[in-house]
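Structure first, commentary second.
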Amino acid sequence: MQEEIVGNERLSVLEEANEGIAGFDEDAGSTFRSTAEKYGMELAPYFHRSYVRFNCLWTCWCIEEDDAELVGEFRIANLPDALATTPPPFSVSSDSPAERKLHSELRVIDDRPESGTGHQATIRIQPGASDPELWYFHLGLGTIRMDINYQEYLDALILTKGTSGWQFLFCDITEKTKKTYDFEMASRHMRTMLDVFPELFPGHDYAPLQARLEARL
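With the working numbering, the residue at position 139 of the sequence shown is 139, and numbering never jumps.
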């Protein structure tokens, strides 16, 4: 994914970092046995196939053309390190005990430090769960449940390259939410992405993302 971005002359790379492979055992089974002992989560087999071992993989990019303006950013690391961090300091307060408890259980798996938006994708520590929930934190909306799992998040990230707002395609957006937040900018970003990415990255299938966007308009 990072090589596709850096190698495309129509994308300007604003930030790029690859901090190499973490010092974990190459055997995913050994690593996730430790995860099970620490957090009480016997993670599903797909986690073994999605064993991201980077200390940090970070890219911020943009397209600035007459007919296409687009920005994107992702910063991901390995899951064991993500789980071992403290809960993120969300920039909204809540009087709800349930929401405070939820926030205490979330760990960041992808964020946007260069963009400065404060938006973060998180995974929930849930003892007994094999496929823990993903939640997206947005400054204007708070925490929103995502309808994909960790593997599907990585797959979608490879397609979207971190285009701003892409997570909304996989969030539980209710009619009430649509009335309280203007999704026009996010929709515009998705339309632009789906217009230009099939040409920029022809090896990927963008039809499923197009269908998700149309279902949300």
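Glycine residues also receive a C-beta, built at the ideal position from the N, C-alpha and C atoms.
For clarity, every value in this text was computed on a predicted model and none was experimentally measured.
Check the Cα spacing between methionine 190 and each of Thr174, Val52, Ala211: the tightest is with Ala211. As a beta-bridge residue in DSSP terms, tyrosine 136 pairs with Ala121, Ile144. Around the beta carbon of tyrosine 136, 16 or more other beta carbons lie within 10 angstroms, which makes this residue buried. Distance between alanine 44 and tyrosine 150, taken at the CA atoms: about 10 angstroms. Setting aside the 5 residues that flank it on each side, tyrosine 39 is surrounded in the same chain by Leu83, Ile125, Pro127, each with a C-beta closer than 7 angstroms to its C-beta; the list follows chain order. Annotation: the stretch 37-107 contains the following complete segments of the beta strand (DSSP E) (minimum length 3 residues), in chain order: 57-65, 68-76.
Put simply, of Val71, Glu199, Ile158 the residue whose alpha carbon is nearest the alpha carbon of valine 52 is Ile158. Using a 10 angstroms sphere on the CB of isoleucine 21, the tally of other CB atoms stays under 16, which defines it as exposed. Per DSSP, reduced to three states, the secondary structure at serine 12 is strand. Judged by DSSP in its simplified three-state form, isoleucine 109 adopts strand.
Alanine 22 carries a coil assignment under DSSP once its states are collapsed to helix, strand and coil.
Using a 10 angstroms sphere on the CB of lysine 179, the tally of other CB atoms stays under 16, which defines it as exposed. Judged by beta-carbon spacing, phenylalanine 183 lies within the 8 angstroms limit of phenylalanine 168, meaning their Cβ atoms are closer than that value.
In this structure, DSSP gives threonine 174 a state outside helix and strand, which the three-state scheme calls coil. Residue range 184-200 is occupied by the alpha helix (DSSP H) that includes threonine 192.
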